[in-house]
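*Asks:* Residues in the sequence shown are numbered consecutively from 1, following the working numbering.
The structure under discussion is supplied below as structure tokens; questions concerning it will follow.
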Amino acid sequence: MDTAATSADLLLPDSLLLNGREFRYADIQQYPANSPQDLNGYEARVLDFVRQWLNGAQEFGLRTSGSTGKPQLVQMKRRQLEASARRTGDYFDLGPGDRLLVCLNCEFVGGLMMLVRGLERRMHLTIVEPHADPLALVPAGAEFDFTSFVPLQLRTVLDAGHAPRLNRMKGILVGGAAVERSLETDIRKLKVPVYVTYGMTETASHIALRRLNGPDVQTTYRMLPGIHVGQDARGCLTARADVTNDQLIITNDRITLSDDGHSFEWLGRADFVINSGGVKVQAEKVELVLEVALTELGLGRRAFVAGRPDPRLGEQVTAFLEGAALRPQQQQQLLALLSQRLDKYEVPRDMVYVPQFRTTASGKLDRLGTVRGLAPAPGVGGR
Numbered sequence: 001m002d003t004a005a006t007s008a009d010l011l012l013p014d015s016l017l018l019n020g021r022e023f024r025y026a027d028i029q030q031y032p033a034n035s036p037q038d039l040n041g042y043e044a045r046v047l048d049f050v051r052q053w054l055n056g057a058q059e060f061g062l063r064t065s066g067s068t069g070k071p072q073l074v075q076m077k078r079r080q081l082e083a084s085a086r087r088t089g090d091y092f093d094l095g096p097g098d099r100l101l102v103c104l105n106c107e108f109v110g111g112l113m114m115l116v117r118g119l120e121r122r123m124h125l126t127i128v129e130p131h132a133d134p135l136a137l138v139p140a141g142a143e144f145d146f147t148s149f150v151p152l153q154l155r156t157v158l159d160a161g162h163a164p165r166l167n168r169m170k171g172i173l174v175g176g177a178a179v180e181r182s183l184e185t186d187i188r189k190l191k192v193p194v195y196v197t198y199g200m201t202e203t204a205s206h207i208a209l210r211r212l213n214g215p216d217v218q219t220t221y222r223m224l225p226g227i228h229v230g231q232d233a234r235g236c237l238t239a240r241a242d243v244t245n246d247q248l249i250i251t252n253d254r255i256t257l258s259d260d261g262h263s264f265e266w267l268g269r270a271d272f273v274i275n276s277g278g279v280k281v282q283a284e285k286v287e288l289v290l291e292v293a294l295t296e297l298g299l300g301r302r303a304f305v306a307g308r309p310d311p312r313l314g315e316q317v318t319a320f321l322e323g324a325a326l327r328p329q330q331q332q333q334l335l336a337l338l339s340q341r342l343d344k345y346e347v348p349r350d351m352v353y354v355p356q357f358r359t360t361a362s363g364k365l366d367r368l369g370t371v372r373g374l375a376p377a378p379g380v381g382g383r
């Protein structure tokens, strides 16, 4: 008998932690038999997915987030999820016995794939329901090797003083929403490698990564091995790989693809292009300048840019700001900065103030829902 191998196997997990309670895999395979009666809905759904995975299910229905349209159910094969987990595991050298913190919503691909990575790589799984500060939900002495956050979570974790715990990890993923410049600045102070992800439900989570800190900080997304990408006639990214079940996926993401096809610069979504008087304005470019200007003026808040119907221009570039209206002088200062840094057609012609932006079930900003929920009249401060 190989004593060393036997000893190593004894260290491998035979259970997971969910909201602080231990569930043995042997019992989960029999779920819902032998399960506690006081499970909440989220816990029940997580355990049901783990049961299916442990029992060898070959197909799974994944919901899209609905951040750019109506949520849809996407059927994924087990081999697609396995291929995605294998790629991430290899990239970050994740293996048996490593400790994984799962704090994304497991009902969507980002969180669900964290479960799959842990199960496939035989890692210790600690799962908590989505919360702004996930580390507040685990014991102070709990240590982890890998996790994935949405930007709001990472911001909250850093503000709570958890940077030393993060720095003892192998790596951190951040995705699901744009990473604000102020957060990027704080990420650069971390020692742990932090990567922003590019991917979607149809690609079984990320297929490309961009390093945000350290000596290898990147300005473009680098494709993971074995992912084949291209562009369609619109300049939008296309992808084919085992994670897409070898089907061609056509996205609405406008990119500049490198000559070798291994990296790309993300320009924005084709459906976020505003046609204003025949001039095409990329909303994300204006948003970036707007975010920086708000921060410089000490007016940091969430904001986005979209087109609103205009009888003369077709669409007018409009800035949507969360919270109370700025004072007239503040708004004039903001517009002055935007006018200095943007082409005249890109400068928002109207500013609309929204008490609170709508979000999707996965926590992403729901631009379309926010805009549709507003009255058709122009917002405060139009010019």
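Using N, Cα and C, we set each Cβ at its ideal position, and we do this for glycine too.
Can you tell which of W53, G314 and G175 has the C-alpha that lies nearest to the C-alpha of N275?
*Replies:* Considering only alpha carbons, the answer is G314.
*Asks:* Short check: CB of E202 to CB of T244, under 8 Å?
*Replies:* Cβ atoms of E202 and T244: closer than 8 Å.
*Asks:* On a Cα-Cα basis, can you pick out the residue from Q329, G307 and Y25 that is closest to M123?
*Replies:* Nearest option by C-alpha distance: Y25.
*Asks:* Quick one: what's got a C-beta closer than 7 Å to D64's C-beta in the same chain, skipping five residues either side?
*Replies:* Here residue 64 is Thr; the residue named in the question, Asp, does not match the sequence. Closer than 7 Å at the Cβ level, and outside the excluded window around T64, lie P71, Q72, V74 and T201.
*Asks:* Ignore the nearest five residues each way along the sequence and tell me which others in D232's own chain have a CB closer than 8 Å to its CB.
*Replies:* Excluding residues within five positions, the ones whose Cβ falls inside 8 Å are T238 and I250.
*Asks:* Consult DSSP for D2 and reduce its assignment to one of helix, strand or coil.
*Replies:* Residue placement at D2 is flagged as unreliable, the pLDDT there being 45, under the threshold of 50; a coordinate-derived value is accordingly withheld.
*Asks:* Quick one: give me the first and last residue of the beta strand (DSSP E) that Q49 is part of.
*Replies:* A small fix is needed here, since residue 49 is Phe in this sequence, not Gln. No beta strand (DSSP E) contains F49, which is instead part of the alpha helix (DSSP H) from G41 to L54.
*Asks:* Taking just the CA atoms, how far does L135 sit from V286?
*Replies:* Taking the straight line from one Cα to the other gives about 34 Å.
*Asks:* Can you check which of these residues, L94, L18 and E120, is closest to N55 by C-alpha distance?
*Replies:* Comparing Cα positions, the closest option is E120.
*Asks:* May I ask you to verify whether the segment 96-104 touches the segment 261-280, counting CB pairs closer than 8 Å and requiring at least 3?
*Replies:* No, the segment 96-104 is not in contact with the segment 261-280.
*Asks:* In this structure, what does DSSP give as the bridge partners for H124?
*Replies:* DSSP lists R99 as partners of H124.
*Asks:* Pairing CB atoms from the segment 104-116 with CB atoms from the segment 136-143, are three or more of them under 8 Å?
*Replies:* The segment 104-116, when compared against the segment 136-143, does not touch it at the 8 Å Cβ threshold.
*Asks:* Is the segment 304-322 close to the segment 351-361, with three or more CB pairs under 8 Å?
*Replies:* Touching, per the Cβ criterion.
*Asks:* Suppose only complete runs of 3+ residues qualify. What are the beta strand (DSSP E) ranges in the segment 273-301, listed by chain order?
*Replies:* Correct list: 273-276 and 279-282.
*Asks:* Return the bridge partner residues of K77 from the DSSP annotation.
*Replies:* Its beta-bridge partners are E59.
*Asks:* Can you tell me where the alpha helix (DSSP H) with R155 in it begins and where it stops?
*Replies:* Unbroken alpha helix (DSSP H) run through R155: P151 to D159.
*Asks:* Return the bridge partner residues of E265 from the DSSP annotation.
*Replies:* The partner list for E265 (beta bridge, DSSP) reads T256.
*Asks:* How should V157 be labelled, buried or exposed, when 16 other C-beta atoms within 10 angstroms of its C-beta is the threshold for buried?
*Replies:* When all chains shown are included, V157 counts as buried.
*Asks:* Can you list, in chain order, the residues of its chain with a C-beta nearer than 7 Å to that of R302? Leave out the 5 residues immediately preceding and following it.
*Replies:* The answer, listed in chain order, is E322 and F357.
*Asks:* Can you say whether R45 is buried or exposed, counting buried as having 16 or more other CB atoms within 10 angstroms of its CB?
*Replies:* That one is exposed.
*Asks:* Are Y195 and I207 close, meaning C-beta to C-beta below 8 Å?
*Replies:* Their beta carbons are not under 8 Å apart, which means Y195 does not touch I207 by this criterion.
*Asks:* Could you spell out where the beta strand (DSSP E) holding Q356 opens and where it closes?
*Replies:* Note, Q356: premise wrong, no beta strand (DSSP E); not H, not E.
*Asks:* From the DSSP output, read off the bridge partner residues of D310.
*Replies:* The partner list for D310 (beta bridge, DSSP) reads G314.
*Asks:* Taking the alpha helix (DSSP H) that V371 falls in, what are its first and last residues?
*Replies:* Its alpha helix (DSSP H) spans residues R367 to R372.
*Asks:* Express the C-alpha separation of H262 and G373 in angstroms, rounding to a whole number.
*Replies:* Going from the Cα of G373 to the Cα of H262 covers about 40 Å.
*Asks:* State the DSSP-derived secondary structure class of R383, mapped to helix, strand or coil.
*Replies:* Confidence in R383 is poor, its pLDDT being 35 and thus under 50, which makes the residue's placement too unreliable to answer from.
*Asks:* Going by the DSSP bridge assignment, what does Q231 pair with across the sheet?
*Replies:* Paired residue(s): L237.
*Asks:* Let me know if L18 comes out buried or exposed under the rule of 16 or more other beta-carbons within 10 Å of its beta-carbon.
*Replies:* Buried: at least 16 other Cβ atoms inside 10 Å.
*Asks:* Taking only heavy atoms of the ligand ATP into account, decide whether any of them is closer than 7 Å to the Cβ of A33.
*Replies:* With respect to the ligand ATP, the structure shown offers nothing to examine, as it has no ligands at all.
*Asks:* Given a cut-off of 8 Å on the beta-carbon distance, is the pair L338 and L288 in contact?
*Replies:* Cβ distance not < 8 Å, so L338 and L288 don't count as in contact.
*Asks:* Which residue from L297, A336, A270 and L334 puts its Cα closest to that of A306?
*Replies:* When each option's Cα is compared against that of A306, the closest is A270.
*Asks:* Hey, could you find the ends of the alpha helix (DSSP H) R165 is sitting in?
*Replies:* First-last of the alpha helix (DSSP H) with R165: A163 to L166.
*Asks:* Given E22, which residues of its chain have a CB within under 7 Å of its CB, disregarding the five upstream and five downstream residues?
*Replies:* For E22, where only same-chain residues beyond five positions count, the Cβ hits under 7 Å are S15.
*Asks:* What does a CB cutoff of less than 6 Å around T3 pick up in its chain, not counting 5 residues either side in sequence?
*Replies:* Low confidence applies here, because T3 scores a pLDDT of 41, under 50, leaving its location unreliable; read the following figure in that light. If we look at T3 and ignore the five residues flanking it on each side, it has no Cβ neighbours.
*Asks:* For T197, list the residues DSSP reports as bridge partners.
*Replies:* Note: T197 sits in a beta bridge opposite L209.
*Asks:* Check whether the Cβ atoms of I227 and A241 sit closer than 8 Å, and answer yes or no.
*Replies:* A contact, by the Cβ cut-off of 8 Å.
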